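Peer 1: Sharing a structure, written as structure tokens. Questions coming.
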Amino acid sequence: MSHTSARHLLALTALVTGIASSSAALAAPSQGETLFQQRCATCHTIAPGAAKMGPALKGIVGSKAAVVPGYAFSPALKASGLTWTTANLDKYLAKPTSVVPGTKMMVGLPDPAQRAAVISYLSSQTK
Ligand code: HEC
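In short: position in the sequence shown from 1, add 8, done, that's our numbering.
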């Protein structure tokens with residue numbers, strides 16, 4: 009590779025990196041909400057009392073597991089004694105059945121960055 013094209017490549021890399029990081033910053037506030045709509049909303053709403061296949065998740069961050077009224081939680085989740093700290097949510101969402109064997113939530117969110125975005129969105133949905 010000639011000296012000139014190497015410099016061009018560097019400039020291009022800097023440009024692409026710049027674009028990627030600025031668009032990530034712009035998208036950050038809604039990324040978690042978008043992911044929630046795509047990956048969780050089939051089974052969960054935020055609005056209290058509106059249980060679907062899973063319980064409503066308003067104010068879930070910091071609350072105890074399996075205490076939302078009007079939802080029939082699995083015995084496993086009720087007995088888990090978990091509090092939904094962001095750390096516990098991160099573990100549960102990665103693979104729910106590993107953290108709480110017998111839970112009725114079967115699907116996880118394997119990507120750590122996506123979990124962080126969804127948890128940040130949930131943190132903003134307080135009571
Ligand atoms: C296929 C349906 C389904 C999907 C998709 C799903 N969940 Fe669940 N979720 C459930 C069910 C069912 C429960 C109840 C688990 C139990 O009782 O063991 C649950 C429970 C939970 C709980 C515990 C609530 C509590 O009150 O203790 C949290 C937190 C949660 N889900 C978050 C999420 C998030 C965030 C997503 C998206 C990344 C998601 N879930 C996707 C079905 C689903």
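We treat Cβ as the ideally placed atom computed from N, Cα and C, and that holds for glycine. The model shown is predicted, which means the values in this text are computed figures rather than measured ones.
Thinking C-alpha only, which one of Thr53, Thr94 and Ala121 is nearest Lys72?
Peer 2: Position 64 of the sequence shown holds residue 72. Checked all of Thr53, Thr94 and Ala121; the closest Cα to Lys72 is Thr94.
Peer 1: Lys99 by DSSP, collapsed to three states: which one?
Peer 2: Working through the sequence shown from its first residue, we reach residue 99 at position 91. Helix.
Peer 1: Mind checking whether the beta-carbon of Lys99 lies closer than 7 Å to any heavy atom of the ligand HEC?
Peer 2: One-based indexing of the sequence shown puts residue 99 at position 91. No, the beta carbon of Lys99 sits no closer than 7 Å to any heavy atom of the ligand HEC.
Peer 1: How far does the alpha helix (DSSP H) with Gln133 in it extend, from its first residue to its last?
Peer 2: Residue numbering aside, residue 133 sits at position 125 when the sequence shown is read from its first letter. It is not in any alpha helix (DSSP H) - Gln133 carries neither H nor E in the DSSP assignment.
Peer 1: So, with DSSP's three-state summary, where would you put Thr94?
Peer 2: For the purposes of this step, residue 94 is taken as residue 86 along the sequence shown, with counting starting at 1. Helix, per DSSP.
Peer 1: Using CA coordinates, which residue listed in Lys112, Trp92, Ala58 and Thr111 is at the minimum distance from Ser128?
Peer 2: Within the sequence shown, residue 128 is the residue found at index 120, counting from 1. Among Lys112, Trp92, Ala58 and Thr111, the Cα nearest to that of Ser128 is on Trp92.
Peer 1: Please check the pair Lys112 and Ser88, which I expect to be a contact at CB under 8 Å, by giving their CB distance rounded to whole angstroms.
Peer 2: The residue given as residue 112 occupies position 104 in the sequence shown. The residue given as residue 88 occupies position 80 in the sequence shown. With a Cβ gap of about 12 Å, Lys112 and Ser88 do not count as contacting.
Peer 1: According to DSSP, simplified to helix, strand and coil, what is Lys86?
Peer 2: Stepping through the sequence shown from its first residue, residue 86 is reached at position 78. Residue state, collapsed to three classes: helix.
Peer 1: Using 8 Å for Cβ pairs, my map puts Gly40 next to Ala125. What's the rounded Cβ distance?
Peer 2: Working through the sequence shown from its first residue, we reach residue 40 at position 32. Working through the sequence shown from its first residue, we reach residue 125 at position 117. Indeed they touch by this definition, with Cβ atoms about 4 Å apart.
Peer 1: Are Ala58 and Tyr79 close, meaning C-beta to C-beta below 8 Å?
Peer 2: By 1-based counting over the sequence shown, the position of residue 58 is 50. By 1-based counting over the sequence shown, the position of residue 79 is 71. Going by C-beta atoms, Ala58 is not nearer than 8 Å to Tyr79.
Peer 1: Under the three-state reduction of DSSP, which class applies to Pro118: helix, strand or coil?
Peer 2: By one-based count along the sequence shown, residue 118 stands at place 110. In the structure shown, Pro118 sits in coil (DSSP, three-state: anything other than H, G, I, E or B).
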